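What follows is a set of notes on a single structure, which appears directly below.
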Amino acid sequence: MAGRLAGKVAFITGVARGQGRTHAVRLASEGADIIGLDLAGPLPAAVPYDPATPEDLEETRRLVEEQGRRALLSVGDVRDLPGMAKIVDDGVAELGRLDIVAANAGICIPQVWDEITPEDFGATLDINTTGVWNTVMATAHHLIAAGGGSIIRTSSYAGKKIQPFMVHYTTSKHALVGMTRAFAAELGPKNIRINSVHPGGVATPMGGGDMVSRLERVGESNPPLNLMATTFLEQTWAEPEEISNVVAFLASDESKFITAEHISIDGGSQYF
């Protein structure tokens with residue numbers, strides 16, 4: 000049986016590992032070929048977890064090809080609009096079209112408010128917010144040429160509530176909510192749907208390196224805020240595949256009358 004995305008092509012940022020990788024594998028399992036981009040190299044100095052590597056990118060390629068789909072994956076930076084546009088343009092020239100965009104790339108830096116430097120704030124907004132704007136600007140004309148499509152942005156439960164001890168991250172993810180609505184309004188007449196997904200905690204390499212110890216340290220500054228990510232369920236965090244399930248739904252025609260929406264996958268923690 001053909002998948003829900005048979006004959007489609009998807010572009011994914013942050014594709015080397017974590018949610019980006021599982022998005023790529025899930026969309027490929029539904030029949031989509033994948034164009035992907037990842038920095039796969041050094042992150043801003045304040046980021047406490049290890050960066051993705053070229054080897055991670057190659058593993059994503061292998062997993063997509065294992066699904067019988069093509070994977071055109073490149074090292075690139077969402078902060079570099081001309082560079083990203085070339086990757087997209089070259090991929091579309093080879094695969095023939097673009098139908099789905101998953102703007103997934105982002106960084107997360109736990110810091111007490113008065114530890115955040117202008118450089119840390121700027122880097123977070125440049126990647127998490129401007130990088131998503133760049134992703135739309137590099138891809139929307141290809142979706143229009145294909146007759147429409149779906150753009151899915153990865154925000155966070157921090158885009159509806161807050162992520163304690165991350166003023167810059169919370170700011171960046173709230174910005175995506177407004178950006179989603181604004182683009183959805185203007186691109187709707189072109190048959191382009193734009194939605195955001197809002198995960199809570201997810202078991203990805205973003206939790207590696209010194210991330211846990213950094214969270215523990217900043218949490219000591221205001222212990223009650225540590226409860227804000229509490230879920231209503233026995234399950235306290237998501238596996239990345241659970242986020243990809245929702246991305247696949249939003250990429251498919253099963254969600255063809257859903258746009259400008261913000262879907263939470265957080266076990267209810269936004270309401271705790």
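Numbering follows numbering that gives the first Met the number 0, in which position 14 of the sequence shown is assigned residue number 13; successive positions increment by one, without gaps. Virtual Cβ for every residue (Gly too), placed ideally from N, Cα, C. Every value quoted in this text rests on a predicted model; they were computed, and no experiment measured them.
Q.
Under 8 Å, with one C-beta from each stretch per pair, do the segment 0-16 and the segment 234-252 reach the 3-pair mark?
A. yes
(Q) Considering just the uninterrupted stretch of the alpha helix (DSSP H) at G3, what are its terminal residues? (A) A small correction: the amino acid at residue 3 is Arg; Gly does not occupy that position in the sequence shown. Here R3 belongs to no alpha helix (DSSP H), and DSSP marks it neither H nor E.
Q: Only counting runs of 3 or more residues, tell me where the beta strand (DSSP E) segments fall wholly within the segment 69-128, in order along the chain.
A: 70-74 and 99-102
Q) From this set, G208, V246 and M165, which residue's C-alpha is nearest S220's C-alpha? A) M165
**Q.** Local conformation of N194 per DSSP, three classes
**A.** strand
Q: Counting only runs of 4+ residues fully inside the segment 170-258, write out the alpha helix (DSSP H) ranges in chain order.
A: 210-218 and 239-250
Q) With a Cβ-Cβ cutoff of 7 Å, do A101 and R68 count as a contact? A) no
Q: Determine the closest residue to L80 out of G121, D37, N127 and W132, with distance taken between C-alpha atoms.
A: W132
Q. Quick one: is K172 buried, meaning 16 or more other Cβ sit within 10 Å of its Cβ, or exposed?
A. buried
Q: Could you check which residue in A181, E93, S268 and D88 has the C-alpha nearest to that of H140?
A: D88
Q.
Tell me which residues share the same chain as Y270 and place their Cβ nearer than 7 Å to its Cβ, disregarding the 5 neighbours each side in the sequence.
A. none
Q) Cβ atoms of R20 and T59: under 7 Å apart, would you say? A) yes
Q: Check each candidate in L71, M83, T116 and I108 and name the one with the smallest Cα separation from L94.
A: L71
Q) Cβ of H197 within 7 Å of Cβ of K255? A) no
Q.
Per the DSSP calculation, R61 is bridged to which residue(s)?
A. According to DSSP, R61 bridges with nothing at all.
Q: Report back the beta-carbon spacing between L56 and A15 to the nearest angstrom; my notes put them in contact at under 8 Å.
A: 4 Å
Q) Do Y156 and C107 come within 7 Å of each other at the CB atom, strictly closer than that value? A) no
Q: Determine contact between the segment 222-241 and the segment 176-184, defined as no fewer than three beta-carbon pairs at a distance below 8 Å.
A: no
Q.
Residues in the same chain with beta-carbon distance under 6 Å from I143, minus the five sequence neighbours each way, listed in chain order, please.
A. K189
Q. Sorted by chain position, which residues of the same chain lie with C-beta nearer than 8 Å to S273's C-beta, five sequence neighbours on each side aside?
A. Absent from the structure is residue 273, since the part of the chain shown begins at 0 and ends at 271.
Q) Which residue from E54, F120 and G17 puts its Cα closest to that of A44? A) F120
Q: Label L226 either buried or exposed according to how many other C-beta atoms from any shown protein chain fall within 10 Å of its C-beta, with 16 as the threshold for buried.
A: exposed
Q) Which residue or residues does DSSP assign as beta-bridge partners of D265? A) For D265, which the question treats as bridged, DSSP gives no partner whatsoever.
Q: Take the Cβ of P163 as the centre, count every other Cβ of all protein chains shown within 10 Å, and call the residue buried at 16 or more, exposed below.
A: buried
Q) Thinking just about the alpha-carbon of each residue, which of G13, D49, E54 and G30 is nearest to the one in D37? A) G13
Q: Report yes if the CB atom of G207 is closer than 7 Å to the CB atom of D49, and no otherwise.
A: yes
(Q) For a quick check, are the C-beta atoms of H22 and I34 less than 7 Å apart? (A) no
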